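First comes the structure, then the notes that go with it.
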Amino acid sequence: MDNISATMNNHRRPSIAEDITAHDLDVVDADSDHDVSHGPATNIRTVQYLDACWGDIPLEGRMILRNPSNFRGLQTLRLDALDTINTKQLMQLLNLVTVCDVTTLRVALCKWNILNHTPDQISSLLPLRLEYLELFEKQNNPFISWRPVMQWLLGKRPVCVVKDATIVWRSLDIVPLLDLLRKTVPNMRRLELVLHSFESWDCSKSDLLQEYREDFPDRPTAEDVVEREHAACTGVTLPDDLPWDEWCHLDCLGRLWEQALPMDTAYRLAIGSLEARPFCNSNVAEIDATLHWTPLAIAVMQAICQTINPSIEWVWLAIRIRDLDDVDWAALDSLFGELDKALRCVRAPDLYYDVWIQAADPHGRLIDDDGLKRVLQNSLPRLYNSLAKPRVRGLLLPATYVWEMVDRTYEQFGLSDP
């Protein structure tokens, strides 16, 4: 019975609507390729939502799925490409983690259109003890933050433990991520972090808002009405939320985008957070970080420096640079100096530094590997005097590099953007 799991996906929505009852779920044996009924939901060890919409599950089913008493044996919760419609419903699902003592949590490519969670939902005192945490921000909208997920994870918990974390971060709203790491590094053994925050995009937030003003009428569209009916039947309307008769897709996007920040503001807040509240008592043994160069990479490297501790065993740091002219070489060299100083104070760990650079100058002329190395040797002397000599690699990157690299990262973890 230890291998029993329940999977909800968009290909099985009719069976979900028909088969869910208060005492029985349609479950899947992890060792077989066919559905079998195993009776009480308390036998389920793993629940996965795969490319599903919460609003497509009937009301009775939703009440069952968020009731912890039905999942007393739950060990793993995976939310993969789940559209929860609003953050209140998302957090009601996440409550299974702390009430059922879930040890593995994965939130990947999930989305919501309405911010309506209550203060109580992000103020829980229940302990969080995770062996494995996987967070993958949805990739196709740089202006939407996963701050609500971080707020739920942190709550006001006196105990917040994550032993192994894999995080792919997309948005510029990075302070909530730093807050989570600050809280969890004292008990963390392994951290894998991919920072995919980019400074420039094809269009600005104001341009996108203008497009939506032209595309969406002032009154709710038919699709809005459907979503509103889904949400209304679950009681999501709150006194501080938008009245449903005034709600439209544009309003919801506007509220979400209020959490989005321009790069200079995001960088200033991140650095201020690290200076005001540096990481303390880290016990991380393995760090695997891939940073696409922006000012936010400076903040993350500072966080990594603060994470170095006597227990460190392995550090792999890769920096991907698209434009040599956009790099603050003095700041980057100083950070490599700080990192090397921190590592020299502990027992010698395994160190790997990779620097990936687009192998062309601003005029499109190719730069060979020796030329790239000369650039780095002149610009980053502290890197070349550090404990680990870097591997420098030149790449011919197409115009679609940003999105192709993001796609490959998600494929690495078995994900694709729905």
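Under full-length UniProt numbering, the first residue of the sequence shown carries the number 1, and numbering increases by one thereafter. Every residue, glycine too, gets a C-beta built ideally from N, C-alpha and C. Bear in mind that the values here come from a model prediction, so they are computed numbers and not experimental data.
Counting C-beta atoms within 10 angstroms of its own C-beta, T84 has 16 or more neighbours from the protein chains shown and is therefore classed as buried.
For E338, same chain residues with a beta-carbon under 6 Å away, outside a window of 5 residues either side, are C305 in chain order. Residue range C160 to W169 is occupied by the beta strand (DSSP E) that includes V162.
Runs of beta strand (DSSP E) with 3 or more residues, each lying fully within the region 263–339, are found at 286–292 and 314–321, listed in chain order.
The residue among G61, V161 and V315 with its C-alpha nearest the C-alpha of L130 is V161. If you draw a straight line from the Cα of N113 to the Cα of Q151, it comes to about 17 Å. Annotation for N113: the continuous beta strand (DSSP E) segment containing it runs K111 to I114. As a beta-bridge residue in DSSP terms, D350 pairs with W314.
For H117, same chain residues with a beta-carbon under 7 Å away, outside a window of 5 residues either side, are T87, K88, M91 and P148 in chain order. Counting C-beta atoms within 10 angstroms of its own C-beta, T294 has 16 or more neighbours from the protein chains shown and is therefore classed as buried. No residue range can be given for T118, since it is assigned to no alpha helix (DSSP H) and is classified by DSSP as neither H nor E. It is roughly 15 Å from the alpha-carbon of A297 to the alpha-carbon of Y353. Residues D354 of the same chain have their beta carbon placed closer than 6 Å to that of R391, with the five preceding and five following residues left out of the count. Each residue's CA atom was taken as its position, placing W146 and L335 some 27 Å apart. Taking 8 Å as the upper bound for CB-CB distance, V284 and T307 are in contact here, some 5 Å apart. In this structure, the beta-carbon distance from D340 to S273 does not fall below 7 Å. Spatial neighbours of D179 in its own chain (CB-CB distance under 8 Å, excluding positions within 5 residues in sequence) are listed in chain order as M150, L154 and S273.
L181 sits away from W169, with the two beta carbons spaced by 7 Å or more.
The beta carbon of M301 sits closer than 6 Å to the beta carbons of L335 from its chain, once the five residues preceding and following it are set aside; these are given in chain order. In its chain, beyond the 5 residues on either side, Q75, T76, R129, L130, E131 and Y132 have a beta carbon closer than 8 Å to the beta carbon of T103. The residues L130, E131, Y132, N187, M188, R189 and R190, in chain order, have a CB closer than 8 Å to that of K163 in the same chain once the five nearest residues on each side in sequence are set aside. DSSP places T103 outside both helix and strand once states are collapsed to three, so it counts as coil.
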